Amino acid sequence: MAGYLRRYARTRLDSDLAEITIALPKVLVKQFRIYVEQLNLSLDEALQYLMEQELQDTSSVSSRSVHYREFWAALIKTMGVKRTPLPQSWFSFASGHKGIAYTLSFGRDGRIRIDLSIDTGDKGANHRVFEALKAMRRDIEQHFPRALSWEDNDHRRTCRIALYRPGRIDDDNTDELRAWLVRGLSLFQEVFAPVLQRVVV
């Protein structure tokens, strides 16, 4: 299964497409469903994880992958939730609304991020939710220690509202970074949960 995904993904990415469609042979569908259930991930999360891992140079990222897995394992242990920590740069939590999630991640620019990711599968629907939230920007941002980044790129389907700070997986202050992410996630959930109830149809 992995080799098939790798070859297909590279072919599609070479054409610089914003979206990727993966069509698994029927013989692999059952295996993939079992794989997703074992990881306790959503289908989208599992696909994103596989793509991210298979398109990387494994010789250069193996130690970083171990650090990611250990970081997320400690984070979910602190939170007391049962999830499978994966060797990837991001970790998502459901919002209770399809296509909308809270995501914690390490960026390539030397920053870590907490965000509300909006990807319902429909670009128009994503932007409508984003604009409805943005209309309440003043009320939302008053709960945060600094201004949020409102990211609505016309060239991409997804939107997000994010909070950043400097941080890398190989820094020597990962305990501090983990604590910041846990506090930030709790704040995002507290602030956005009631608002999403009002704007998501």
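Residue numbering for the sequence shown is 1 to 201, as defined by this note's numbering. Cβ coordinates follow ideal geometry from the N, Cα and C atoms, glycine included. Computed from a predicted structure; not experimentally measured.
Whose C-beta lies closer than 8 Å to the C-beta of residue i among residues of the same chain, with five residues either side of it excluded?
i, result
"Val66", "Pro87"
"Lys77", "none"
Taking all protein chains shown into account, do 16 or more other C-beta atoms lie within 10 angstroms of the C-beta of residue i, making it buried, or fewer, making it exposed?
i, result
"Gly167", "buried"
"Phe188", "buried"
"Ala193", "exposed"
"Val81", "exposed"
"Asp16", "Interpretation of Asp16 is limited by its pLDDT of 46, a score under 50 that renders its predicted location unreliable; the figure taken from the coordinates is listed afterwards. When all chains shown are included, Asp16 counts as exposed."
"Gln197", "exposed"
"Ser62", "exposed"
So what's residue i in DSSP terms, helix, strand or just coil?
i, result
"Leu13", "Any reading at Leu13 must be qualified, since the residue scores a pLDDT of 45, below 50, and its modelled position is unreliable; the value itself is stated next. Looking at Leu13 - three-state DSSP - the assignment turns out to be helix."
"Ile169", "coil"
"Ser105", "strand"
"Ala162", "strand"
"Ala18", "Here the model assigns Ala18 a pLDDT of 47, short of 50, so the residue's position is not dependable, and the following value carries that caveat. Looking at Ala18 - three-state DSSP - the assignment turns out to be coil, as it is neither helix nor strand."
"Ala193", "helix"
"Ser89", "coil"
"His97", "strand"
Can you name, in chain order, every residue of its own chain whose Cβ lies under 6 Å from the Cβ of residue i, other than the five neighbours on each side?
i, result
"Ser117", "Ala101, Thr103 and Arg160"
Only counting the same chain, and skipping five residues up and downstream in sequence, which positions put a Cβ closer than 7 Å to that of residue i?
i, result
"Leu181", "Leu75, Leu104, Ile112 and Ile114"
"Met136", "Val195"
"Lys134", "Trp150"
So, are the CB atoms of residue i and residue j less than 7 Å apart?
i, j, result
"Thr282", "Asp109", "Shown here, the chain extends from 1 to 201; a query on residue 282 therefore has no answer."
"Leu185", "Leu163", "no"
"Ile140", "Tyr68", "no"
"His143", "Val195", "no"
Below 8 Å on the Cβ atoms is my contact criterion, and I expect residue i with residue j to pass it. Report the Cβ-Cβ distance as a whole number of Å.
i, j, result
"Arg178", "Phe71", "7 Å"
"His97", "Val200", "5 Å"
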